[in-house]
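J.: These protein sequence lines are chains A and B, in that order. Our numbering numbers the first residue of the first sequence as 114 and each following residue consecutively. Our numbering numbers the first residue of the second sequence as 114 and each following residue consecutively. Take a look at this one; I'll ask things after.
There are 2 protein chains.
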Amino acid sequence: MNILFVMYDQLRFDYLSCAGHPHLHTPNFDKVAAMGVRFTESYVQSPICGGSRMCFYTGRYASSHGAHWNGFPLRVGEMTLGDHLRHNGMGCWLIGKTHMAADSEGMARLGLSADTVIGARQVECGFDAWIRDDGLWAQGPDGFYDARRSPYNEYLKDKGYPSDNPWAAFANAGVDGDDNIASGWMFKNADKPANIREEDSETPWLTREAIAFMEQAEGPWCAHLSYIKPHWPYIVPAPYHDMFGPQHVPPAKRHAVEREDPHPVYGAYMENKIAAAFGRDEVREKVIPAYMGLIKQCDDQLGVLLDYLEQSGQMAQTMIVLTSDHGDYLGDHWLGEKDLFHAQSVKVPMIIYDPRSEADATRGTTCDALVESIDLAATFVEVAGGAVPDHIIEGRSLLPWLRGEVPDWRDFVISEYDYSATPQGAKLGLAPRDCRLFMVYDGRYKLMHAEGGLRPMLFDLEADPDEFHDLAKGDAHGAEIERLYGCLASWGRRMSQRVTKSEAEIIAARGKSARKGVLPFLVDGSEVPAELTEAYRGPARARYTSD
Amino acid sequence: MNILFVMYDQLRFDYLSCAGHPHLHTPNFDKVAAMGVRFTESYVQSPICGGSRMCFYTGRYASSHGAHWNGFPLRVGEMTLGDHLRHNGMGCWLIGKTHMAADSEGMARLGLSADTVIGARQVECGFDAWIRDDGLWAQGPDGFYDARRSPYNEYLKDKGYPSDNPWAAFANAGVDGDDNIASGWMFKNADKPANIREEDSETPWLTREAIAFMEQAEGPWCAHLSYIKPHWPYIVPAPYHDMFGPQHVPPAKRHAVEREDPHPVYGAYMENKIAAAFGRDEVREKVIPAYMGLIKQCDDQLGVLLDYLEQSGQMAQTMIVLTSDHGDYLGDHWLGEKDLFHAQSVKVPMIIYDPRSEADATRGTTCDALVESIDLAATFVEVAGGAVPDHIIEGRSLLPWLRGEVPDWRDFVISEYDYSATPQGAKLGLAPRDCRLFMVYDGRYKLMHAEGGLRPMLFDLEADPDEFHDLAKGDAHGAEIERLYGCLASWGRRMSQRVTKSEAEIIAARGKSARKGVLPFLVDGSEVPAELTEAYRGPARARYTSD
């Protein structure tokens, strides 16, 4: 079986019709949900592109792999999905974005060069790159945000788009009334059509690359088809640019009580520029329709993929996974972007179709088990026929749920966020190591712990499903806070770095040292069978002491 | 300045005359203590050879580097003292034991070969090996405990000792009345002289290697002179074998109350073969004099080293550090060996002589700050002239203490123990990941947390300096237990894996993305200086949309 592991970027859990969106119809997402299982309680281990993805790709928590944020390199030698899958005979390919930053210092220290197969995989987070394009070709006075070469920009240039950076000038810009570039970076332009042929925009381009990959691929393979969209810049080509309008924009989910004595970190985020922009109705009314148009385009392109799989006869041998690296506040909770732990940010779509007959019983169902993004790595290893190396991969296989079983399962999910490199970290004046947040969510209560001596936040999602009322402001919920801190403490003591010895190897080694002559308990040798002391007996053959 | 980093193996903190031993006179240890500072509250991060040493050599907690126990490989790429010191222009050499197990799977994955400089350092825990000899050439029906070649055995063979394993047959054995080998593995033979010329025994041999190294070394260097002794087998050549007798053996520090409803892990250790042997007075009366003789020999050889340093003029430019990887119960607390967290096991000697004038004020003093073994790595980096990379090294430099300052310091020390591969782990029927213990000690209270759902232990060292009365058996000390669990929880959340980005790099990166064109908050561009949006302006040059 092959695995088509599709990730969208910044796709909110509730912007799909199968997840109940009232205006956005996504028949192809819904079709995969009907063929498989939709996990309704899926959480990323860090609500930020880079950190979240490194969790997906290693199957480990952010604090375990250490690449907590965008541009924090994943340490050389950290094992990835690619290592685990290839070990089990399955290729592991990348088509699109990873946000991987290579540990170039570590590679230099170990003498690894990116122009070898081993080195290239270190650079690409363990993937073999069919195509790598992180899709953020931002450019300013200090140069490009991403110093790599952009295959997508090369494609656009080949197609004749006249710009050094057609990603910025065409794919992510419209045209204003004076025939000037109307940059997609500016929310006022979000209702303009991107100045690009729809077929040349990012999502169809990457879909074609995925099909080209599958056309030639020999299995078994896992292909990580990783779209940049619906991530900002919020602008989409015709006809998607005007499919939705202000009438399709729900009111922001926000409450005045949230602004009353907010947690200092939450308060700092509410005061940032993104939050200020999304606080304006006219911004939401332009941006959200564009965001919906981007998702609608993703859905159409998913239809193209599904058609290809059906027509090529691969549907019966391809697992399909649809997920996202985090959500988007879109003005909810007085915020824009992601970063914090409200559902809008930390909860993601997770739809899995398993073509095998064992999964027939669950087709079209939903599952509300507490799923972590790191579970996919474990799932994929099992699909590849391997045993999950649970001393390395911290997630758990979702296959039992797909078979309709009810496995022993976790009681809480963890997510983390490192805001040390952000303006909020600077504003709060904290040392980088103190700019760290942890979420513990047990299916009802959600605790946020903040380092740096700050108080926690607490929500009761049963009483307050919209997460407006921070119960940690009062003093009535000490027992719940203490209980969730206990969960966080037990997680903090987890075995995460003993990656060189498996549980099975340790059990097999128990008591073996005596048979290799280590006997630090013998009084006269009678304590053990004679064969264990054989090597220590015999004539002295020479005497160097007169005693 | 150079660093002579001397480690003894299994040397108890209190078996030195400067530490108050009533019968064991160690004038050379005392001399270094008089020249420097003796840290009286020094704790290893794991009371077992391999785990402890990997903490010393990485400057990181066991849970951070993952090599928790003997033979658990240190993951490839984990940074060591060698990496940090060479980065600061100081060589880092090994003379003796490390107990390092190489991550051969990880090396193969990264294409590293042990016959390159880079690969050899991975194998040798970052050291350049002047000589590597782990000093445990045990042999049984399943072969050698240590599969390497033994330089010490080669030396003995060259000297004509007639055996395939003269370490076992001569250096660690006496001769019985029938002229047969009387193995040092058997405690009944501990009062016999080892059947070897004293000069050929392990401690003098390694001392000569150290001097040979220093004779040719060009500085600055850090030399890790790492003796196997006084580690078992407990047998020592003449004249050390009869310097001490039963009259010098203190009564075992143990109390009947310790055997009443003991903690399950402690109980399992009290029932093992080593504890049973040390429960017999005749064993203690033979073994402890041999242990003292081994230490006395170490002290004499330290005198040889000090003489060399003085005569060669190096004393004024050599920092000397004397420490151990853990202690030895020797029958105290009804136990033998090490492993648990009583002072006899987890507390170590720590004597530092700094020849520089800044340290003049503290010569001959003691310091009772809570020291962790991981502090040496930080100390050495500072000695080499570097800034401690505190996103990697978790210890703190001891230099301020040596200068007589009182730095902001830690409130508690942590130690860990993984007994998953031991008979005790098997006996308790726990999964390997649940066979883990944590110590939190704040200078008065010592908490032991045990995974696997077991209760904690608690000692109040002010009221009970001998650690006989486990206060966690009752229910009167809940507040102290909770407080120490809070310390453990905060430690569990520490930033330990973000090893690819320093605090300073993060601070420098704050707010830089806008100058690289990442502007996900613009409504119309007026929010930022025009230069930041320059790249996104200009004529569209072509129009691909009719809107």
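In this text, a Cβ means the ideal position worked out from N, Cα and C, and glycines have one as well.
So does the stretch 197-211 of chain B actually touch the stretch 332-342 of chain B, counting three or more Cβ pairs closer than 8 Å?
T.: yes
J.: In the stretch 251-270 of chain A, which residues sit with their C-beta less than 7 Å from some C-beta in chain B, listed in chain order?
T.: A251, Q252, G253, P254, D255, G256, F257, Y258
J.: Relative to the C-alpha of F240/A, which residue among A295/A, Y268/A, T171/A, G179/A is closest?
T.: Position 127 of the first sequence, counted from the start, is the residue given in the question as residue 240/A. F240/A has its Cα closest to that of T171/A, out of A295/A, Y268/A, T171/A, G179/A.
J.: Whole angstroms is fine: what's the gap from P652/A's alpha carbon to L338/B's?
T.: Counted from its first residue, the first sequence places residue 652/A at position 539. Counted from its first residue, the second sequence places residue 338/B at position 225. Straight-line Cα distance between these residues: approximately 34 Å.
J.: Checking contacts by CB at 8 Å: is A534/B closer than that to chain A?
T.: Here residue 534/B is taken as the residue at index 421 of the second sequence, counted from 1. Closer than 8 Å: yes.
J.: Quick one, which of P578/B, W250/B, H446/B has its alpha-carbon nearest R372/B's?
T.: Here the question's residue 372/B lines up with position 259 in the second sequence. Comparing Cα positions, the closest option is H446/B.
J.: Note the first and the last residue of the continuous alpha helix (DSSP H) segment covering M148/A.
T.: Indexing the first sequence from 1 puts residue 148/A at position 35. First-last of the alpha helix (DSSP H) with M148/A: 140-148.
J.: DSSP state of F69/A, grouped into three classes?
T.: Residue 69/A is absent from the structure shown; chain A starts at 114 and stops at 660.
J.: Under 7 Å between beta-carbons, which chain A residues line up against I505/B? List them in chain order, please.
T.: Along the second sequence, one-based indexing puts residue 505/B at 392. Under the 7 Å cutoff, chain A gives no residues; its nearest Cβ is about 10 Å from I505/B.
J.: Which stretch, first to last residue, makes up the beta strand (DSSP E) that contains E749/A?
T.: Since the first residue of chain A shown is 114 and the last is 660, residue 749/A is not available in this structure.
J.: Which word fits G538/A, buried or exposed, when buried means at least 16 other C-beta atoms lie within 10 angstroms of its C-beta?
T.: Start at 1 with the first residue of the first sequence, and residue 538/A comes out as number 425. Buried.
J.: DSSP on Y174/B, reduced to helix/strand/coil?
T.: By 1-based counting over the second sequence, the position of residue 174/B is 61. Reduced to three states, the DSSP call for Y174/B is coil.
J.: Taking contact to mean 3 or more Cβ pairs, one atom from each stretch, closer than 8 Å, check whether the stretch 191-204 of chain A and the stretch 276-296 of chain A are in contact.
T.: no
J.: Residues of chain A with CB under 8 Å from S177/B, in chain order?
T.: Here residue 177/B refers to the residue found at position 64 of the second sequence. Within chain A, the residues near S177/B are Q610.
J.: Could you pull the DSSP bridge partners for V105/B from this structure?
T.: The question about residue 105/B has no answer here: the residues shown for chain B are numbered 114 through 660.
J.: Can you give me, in chain order, the residues of the stretch 372-386 of chain A that have a beta carbon less than 9 Å from any beta carbon in chain B?
T.: N385, K386
J.: Answer with yes or no whether the minimum CB distance from R509/A to chain B is below 8 Å.
T.: Mapped onto the first sequence, residue 509/A falls at position 396. No, its Cβ sits nowhere closer than 8 Å to a Cβ of chain B.
J.: Check whether the Cβ of Y530/B lies closer than 8 Å to any Cβ atom in chain A.
T.: Stepping through the second sequence from its first residue, residue 530/B is reached at position 417. No, because no Cβ of chain A sits closer than 8 Å to the Cβ of Y530/B.
J.: Would G565/A and D588/A qualify as a contact pair, given that the criterion is a beta-carbon distance under 8 Å?
T.: The residue you call residue 565/A lines up with position 452 of the first sequence. The residue you call residue 588/A lines up with position 475 of the first sequence. Not closer than 8 Å, so no.
J.: At what residues does the beta strand (DSSP E) containing A295/A begin and finish?
T.: On the first sequence, position 182 is the one that residue 295/A refers to. Looking at the DSSP string, the run of the beta strand (DSSP E) that includes A295/A is 294-296.
J.: Can you give me the Cβ contacts of P520/B inside the same chain, cut-off strictly under 8 Å, excluding the 5 residues immediately before and after it?
T.: Sequence index remark: in the second sequence, residue 520/B carries index 407 (1-based). Cβ neighbours of P520/B beyond the five flanking positions: R509, P513, W514.
J.: Quick check for students: name the residue ranges of the alpha helix (DSSP H) that lie wholly in the stretch 179-237 of chain A, counting only runs of 4 or more.
T.: 194-200, 217-222, 230-236, all fully within the stretch 179-237 of chain A.
J.: Which residues, in order along the stretch 430-447 of chain B, keep a beta-carbon less than 8 Å from a beta-carbon of chain A?
T.: Contact annotation: in the stretch 430-447 of chain B, no residue has its CB less than 8 Å from a CB in chain A.
J.: What number of angstroms, rounded off, separates the C-alpha of M120/B from the C-alpha of G591/B?
T.: The residue you call residue 120/B lines up with position 7 of the second sequence. The residue you call residue 591/B lines up with position 478 of the second sequence. Distance between the alpha carbons of M120/B and G591/B: 39 Å.
J.: If we count the other Cβ atoms within 10 Å of its Cβ and call it buried at 16 or more, is A90/A buried or exposed?
T.: Residue coverage of chain A in this structure runs from 114 to 660, which leaves residue 90/A outside it and unanswerable.
J.: Over the uninterrupted beta strand (DSSP E) stretch that includes I244/A, give me the two end residues.
T.: The count along the first sequence starts at 1 and reaches residue 244/A at position 131. First-last of the beta strand (DSSP E) with I244/A: 241-245.
J.: Please confirm if N201/A has its CB atom under 8 Å from at least one CB of chain B.
T.: Taking the first residue of the first sequence as 1, we reach residue 201/A at position 88. For N201/A, no Cβ of chain B is located within less than 8 Å of the residue's own Cβ.
J.: Report, in whole angstroms, the separation of the C-beta atoms of T431/B and P468/B, which I expect to be a contact under 8 Å.
T.: Translated into positions along the second sequence, residue 431/B becomes position 318. Translated into positions along the second sequence, residue 468/B becomes position 355. Indeed, because the Cβ distance is near 6 Å, the residues count as touching under 8 Å.
J.: Quick one: what does DSSP say C480/B is sitting in, helix, strand or coil?
T.: The residue labelled residue 480/B in the question sits at position 367 within the second sequence. Of the three classes helix, strand and coil, the one that applies to C480/B here is strand, per DSSP.
J.: Taking only the alpha-carbon atoms, compute the straight-line gap between W345/A and E640/B and give it to the nearest angstrom.
T.: Locating residue 345/A in the first sequence gives position 232, where the first residue counts as 1. Locating residue 640/B in the second sequence gives position 527, where the first residue counts as 1. Distance between the alpha carbons of W345/A and E640/B is about 18 Å.
J.: Consider the Cβ of D555/A: report whether some Cβ of chain B lies at a distance smaller than 8 Å.
T.: In the first sequence, residue 555/A corresponds to position 442, counting from 1. So, not an interface residue.
J.: For P661/B, decide whether its Cβ has a neighbour in chain A, counting only Cβ atoms nearer than 8 Å.
T.: Since the first residue shown for chain B is 114 and the last is 660, residue 661/B is missing from the structure and cannot be characterised.
J.: Could you tell me which chain A residues have their CB closer than 9 Å to the CB of D637/B, listed as they occur along the chain?
T.: Here residue 637/B refers to the residue found at position 524 when the second sequence is read from its first residue. Chain A residues near D637/B: M299, F300, K301, N302.
J.: Let me check understanding here. Comparing Cα to Cα, which of I324/A, G219/A, S176/A, L543/A lies closest to T193/B?
T.: Position 80 of the second sequence, counted from the start, is the residue given in the question as residue 193/B. Nearest option by C-alpha distance: G219/A.
J.: Does the pairing of the stretch 134-143 of chain B with the stretch 497-506 of chain B give three or more beta-carbon distances under 8 Å?
T.: Between the stretch 134-143 of chain B and the stretch 497-506 of chain B there are fewer than three inter-stretch CB-CB distances shorter than 8 Å, so the stretches are not counted as touching.
J.: Which residues in the same chain as E311/A place their Cβ atom closer than 8 Å to its Cβ, once the five residues preceding and following it in sequence are excluded?
T.: By one-based count along the first sequence, residue 311/A stands at place 198. Contacts found: P317, P350, A351, P352, Y353, Q410.
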